[in-house]
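See below for the structure under consideration.
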Amino acid sequence: MNILCVTNLFPDRSRPEFAPFNRQQLIYLSAIHNVHVISPVPWPHRLKLALKGERPIPLEECSGMGVDYPIFYYTPKVMRDMYWRFYYNSIKLVFSRAVHRFKPDIIYATWAYPDSRAAVELAAEHGLPVVCRIHGSDINDYIRFPGRKHLILEAMSKADGIISVNEDLAGRLRYEDIEPGKIHVVYNGIDRSIFMPVDRSECREELGLDREMKMILFAGNLKQVKGIDVLLEALEKIEMRDWQLHILGRGPEKVHLEKMASRPPLSGKVFFHGSVPHNDMVKWFNASDVFCLPSLHEGTPNVILESLACSIPVVCSDTGGIPEIVTGDSGILFEVGNSRTLSESLVKALTREWDRSSIDCPAETWTKNAQRVTDVFDITIRSFKRNASGTHHAHSS
Numbered sequence: 032m033n034i035l036c037v038t039n040l041f042p043d044r045s046r047p048e049f050a051p052f053n054r055q056q057l058i059y060l061s062a063i064h065n066v067h068v069i070s071p072v073p074w075p076h077r078l079k080l081a082l083k084g085e086r087p088i089p090l091e092e093c094s095g096m097g098v099d100y101p102i103f104y105y106t107p108k109v110m111r112d113m114y115w116r117f118y119y120n121s122i123k124l125v126f127s128r129a130v131h132r133f134k135p136d137i138i139y140a141t142w143a144y145p146d147s148r149a150a151v152e153l154a155a156e157h158g159l160p161v162v163c164r165i166h167g168s169d170i171n172d173y174i175r176f177p178g179r180k181h182l183i184l185e186a187m188s189k190a191d192g193i194i195s196v197n198e199d200l201a202g203r204l205r206y207e208d209i210e211p212g213k214i215h216v217v218y219n220g221i222d223r224s225i226f227m228p229v230d231r232s233e234c235r236e237e238l239g240l241d242r243e244m245k246m247i248l249f250a251g252n253l254k255q256v257k258g259i260d261v262l263l264e265a266l267e268k269i270e271m272r273d274w275q276l277h278i279l280g281r282g283p284e285k286v287h288l289e290k291m292a293s294r295p296p297l298s299g300k301v302f303f304h305g306s307v308p309h310n311d312m313v314k315w316f317n318a319s320d321v322f323c324l325p326s327l328h329e330g331t332p333n334v335i336l337e338s339l340a341c342s343i344p345v346v347c348s349d350t351g352g353i354p355e356i357v358t359g360d361s362g363i364l365f366e367v368g369n370s371r372t373l374s375e376s377l378v379k380a381l382t383r384e385w386d387r388s389s390i391d392c393p394a395e396t397w398t399k400n401a402q403r404v405t406d407v408f409d410i411t412i413r414s415f416k417r418n419a420s421g422t423h424h425a426h427s428s
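The sequence shown begins at 32 in the working numbering and counts up by one.
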């Protein structure tokens, strides 16, 4: 099968650790199919590279996949309801060339807006079926805006198939009258050859971390939606003092969060490490006593699955698909945005004697995930051909 993927969620030379979950799925799909990726790069990012004297990002090979990086031209922060048209125009020529040369059997758009909205139009123009994959924030955040909600639901209605990473998102689409039969729930996979329990003392020694302190870990983008400010507010309320918070990731909230962390009683207890290579995350998980994800909205975050695979308990906000994967044996859920209940949950998690052998990760391997996605593609292609044949016969008669 030839799969043409359209997504902004793909790493490049300047951002090697960007969107690892998407890259991993596509790599495993490419082991059993031919995959070509079109990953538009926002023009501000391309300009930033040019000002640094870095070369433009050309067509690259990634684990056997060809990757096109066209420039995504748009108007930053304004006219957001037009982004899908900007996206469409930015990739139209590259898309047409890929269809001509690569001859895809199916289009795979990962991210609801603007990616999927543009992809359904391009797929229709070329007479190809399209499967859209929704992740969490692309629905939970954007659907709050009437204009974008309309465009997202329009894309989902036009899509031939939809992959949702959890039941919560699938239910949201059904509630909006998207055809239930074309919605398929496929949870993300994890790499179990990497994420597994490892001795905590060894990991702390290798990372140069304190052996005695209780360690809380956060990993993700430093954005407001991740609720890191709620986590810091919760830690201000904790009376116990033998703890440290280690924050992995980067993003626009870093300066604000560093300022919050510099004031008593947090000063000297919160550490920012920036981005960490994905394969090194296993050391950080296993060095921790608890992983915390206080997001305001979520899909089914791979960082939770990877933490559980390392038998590390989690403290997470009760939102999105998180309740589908966290049990009483593996973690504690708290009310979204409530720093008081988060504070109480962290104390419970840090003082509880967890049975690491009973902490279960429900995620399958990426190999199994790729097979499930393949099954969705097969179903979608067969349905598309039946519908096309029925339309042809109707016109003929």
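Beta carbons are placed, not taken as given, at the ideal position from N, Cα and C, and that holds for glycine.
C-alpha distance - residue i paired with residue j, whole-angstrom precision
| i | j | result |
| --- | --- | --- |
| Ala401 | Pro295 | 48 Å |
| His215 | Leu204 | 11 Å |
| Gln56 | Gly158 | 25 Å |
| Ser94 | Thr372 | 44 Å |
| Cys341 | Ile69 | 33 Å |
| Val301 | His277 | 6 Å |
| His131 | Leu124 | 11 Å |
| Arg235 | Met244 | 11 Å |
| Glu270 | Glu375 | 10 Å |
| Met110 | Met312 | 38 Å |
| Lys213 | Leu60 | 20 Å |
| His64 | Ala129 | 16 Å |
| Asp260 | Cys347 | 14 Å |
| Leu336 | Glu355 | 11 Å |
| Asn164 | Val196 | Looking at the sequence itself, residue 164 is Arg, so the reference to Asn does not match. Computed Cα separation, rounded: 8 Å. |
| Ala265 | Glu289 | 15 Å |
| Lys254 | Glu284 | 5 Å |
| Tyr114 | Leu324 | 30 Å |
| Ser370 | Lys268 | 8 Å |
| Ala292 | Leu263 | 7 Å |
| Glu48 | Ser232 | 26 Å |
| Leu279 | Gly421 | 53 Å |
| Lys399 | Arg77 | 35 Å |
| Gly178 | Leu184 | 10 Å |
First through last residue of the beta strand (DSSP E) which encompasses residue i
| i | result |
| --- | --- |
| Cys93 | Glu91 to Cys93 |
| Asn33 | Asn33 to Val37 |
| Lys245 | Lys245 to Ala250 |
| Leu279 | Trp274 to Leu279 |
| Ile214 | Ile214 to Val216 |
| Ser164 | Reading off the sequence shown, one finds Arg at residue 164, where the question assumed Ser. Run containing Arg164: Val161 to Ile165, per the beta strand (DSSP E) assignment. |
Residue burial classification, residue i (beta-carbon count within 10 angstroms, cutoff 16)
| i | result |
| --- | --- |
| Tyr139 | buried |
| Ala250 | buried |
| Gly352 | buried |
| Asp208 | exposed |
| Tyr206 | exposed |
| Asn310 | exposed |
| Lys379 | exposed |
| Tyr105 | buried |
| Ala62 | exposed |
| Ala201 | buried |
| His67 | buried |
| Ser15 | Outside the modelled stretch of the chain, which goes from 32 to 428, sits residue 15, for which no answer is possible. |
| Ala50 | buried |
| Arg175 | exposed |
| Pro344 | buried |
| Ala186 | buried |
| Asp146 | buried |
Own chain residues within Cβ distance below 7 Å of residue i, not counting five before or after
| i | result |
| --- | --- |
| Met412 | The question names Met, but residue 412 in the sequence shown is Ile. Counting only Cβ-Cβ distances below 7 Å, and skipping sequence neighbours, we find Asp136, Ile137 and Pro160. |
| Arg387 | Pro228 and Ser342 |
| Pro211 | Arg205 |
| Pro332 | Leu324 |
Neighbourhood of residue i by C-beta distance below 8 Å, restricted to the same chain and skipping five residues each side
| i | result |
| --- | --- |
| Ser168 | Val256, His328, Glu329 and Gly330 |
| Asp230 | Asn317 |
| Val407 | Val162, Gly192, Ile194, His215 and Val217 |
| Trp397 | Gln55, Gln56, Ile58, Tyr59, Gly220, Ile221 and Asp222 |
| His287 | Asp260 |
| Phe103 | Asn39, Pro71, Val72, Pro73, Trp74, Phe117, Tyr118, Ser121 and Ile122 |
Any non-hydrogen atom of the ligand NAD closer than 7 Å to residue i Cβ
| i | result |
| --- | --- |
| Glu210 | For the ligand NAD, the structure offers nothing, since it holds no ligand at all. |
Cutoff 6 Å; reference residue i; Cβ partners in own chain excluding five residues on either side
| i | result |
| --- | --- |
| Leu240 | Ala318 |
| Ser171 | The sequence given here has Asn at residue 171, not Ser. The residues are His328. |
| Ile122 | Ile69, Pro71 and Pro101 |
| Leu153 | Phe126 |
| Gln275 | Met244, Met246 and Lys300 |
| Pro393 | Ile356 |
Start-to-end residues for the alpha helix (DSSP H) that takes in residue i
| i | result |
| --- | --- |
| Tyr139 | Segment Ile137 to Thr141 is the beta strand (DSSP E) holding Tyr139; no alpha helix (DSSP H) there. |
| Met291 | Lys285 to Ala292 |
| His157 | Counting along the chain, His157 falls outside any alpha helix (DSSP H), and DSSP gives it neither H nor E. |
| Ile259 | Ile259 to Lys268 |
| Ile170 | Ser168 to Asn171 |
Test: residue i CB closer than 8 Å to a CB of chain D
| i | result |
| --- | --- |
| Met271 | Judged by its chain identifiers, the structure shown contains no chain D, having just a single protein chain. |
Report task. Return the chain-ordered ranges of every beta strand (DSSP E) run that is complete within the region 43-120 and spans a minimum of 3 residues. Result -> 65-69, 91-93 and 96-99
Report task. Mind listing, in chain order, the continuous beta strand (DSSP E) runs of no fewer than 3 residues lying wholly within the region 357-406? Result -> 362-365
Query raised in the report: In the region 306-363, which residue ranges form an unbroken beta strand (DSSP E) of at least 3 residues, counting only runs that do not cross its ends?
Result: 321-324 and 345-348
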